Amino acid sequence: MKLIFPSLLAMLGLPVAGAVAQCVPVPESVISVDVPSRYAQGDKTRSEIDEAANARVNEGLAPVDDFVALLARQTTNALRLARLGEGAKARIMADCVLEGLERWAASNALSQLDSLNARQSVPSRLAGAA
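Read in order, the letters of the sequence shown are residues 710 to 839 in my numbering.
Here it is as structure tokens:
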């Protein structure tokens with residue numbers, strides 16, 4: 710089988726034919742999250758999005774979202790490899806997921822949620838990592 714996009718496979722955390730599966734580097738852990746409200750100041754109905762504040766929220770949560778997305782891709786890849794009968798590669802990929810979680814846990818990632826909005830936004834992301 711000829712691989713057309715080996716660099717794409719490597720980027721997704723998939724082993725390239727003939728290569729040993731390796732862990733994709735985990736993003737640097739985020740200790741503190743402090744994000745503003747997405748909504749316009751003074752909007753009692755909280756129905757108007759403040760575009761600048763929304764961009765700051767997205768920017769503040771992006772590293773966490775990137776980490777969760779990486780774990781999800783690696784988990785999906787491990788399951789796919791297992792279904793294909795590639796048990797050894799699947800275990801390596803699963804170990805990558807656990808290693809990423811361990812690195813963030815060891816650094817006390819997300820231990821300082823400095824605003825109400827951070828405390829409301831981060832738990833759903835943690836659920837995604839679980």
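Quick reminder that beta carbons are idealized off the backbone N, C-alpha and C, glycines included.
Since the model is a prediction, treat every value here as computed from it, not as a measurement.
Item: Where does PRO756 fall in DSSP's three states?; Value: Looking at the sequence shown, residue 756 is not Pro but Ser. Reduced to three states, the DSSP call for SER756 is coil.
Item: CB ASP774 to CB SER824, shorter than 8 angstroms?; Value: no
Item: Tell me where the alpha helix (DSSP H) around LEU825 begins and ends.; Value: 825-838
Item: With 16 other CB atoms within 10 Å as the buried threshold, where does ASN817 fall?; Value: exposed
Item: Using the Cα positions of ILE801 and ALA791, report the straight-line distance between them to the nearest angstrom.; Value: 11 angstroms
Item: How about the region 801-810 and the region 779-790: do they share at least three Cβ pairs that are nearer than 8 angstroms?; Value: yes
Item: Tell me LEU822's beta-bridge partners as DSSP assigns them.; Value: VAL742
Item: What is the rounded straight-line gap between the Cα of LEU835 and the Cα of GLY794?; Value: 30 angstroms
Item: Compute the Euclidean distance between the alpha carbons of ALA762 and ALA797, then round it to the nearest angstrom.; Value: 46 angstroms
Item: Can you give me the C-alpha to C-alpha distance between VAL733 and VAL806, rounded to a whole angstrom?; Value: 10 angstroms
Item: If you follow the alpha helix (DSSP H) that GLY809 is part of, which residue opens it and which one closes it?; Value: 796-815
Item: So, ARG812 versus VAL735, is the Cβ gap smaller than 8 angstroms?; Value: yes
Item: Please list, in chain order, all residues of the same chain as PRO772 whose beta carbon is under 6 angstroms from its beta carbon, the five residues on each side excluded.; Value: PRO736 and VAL739
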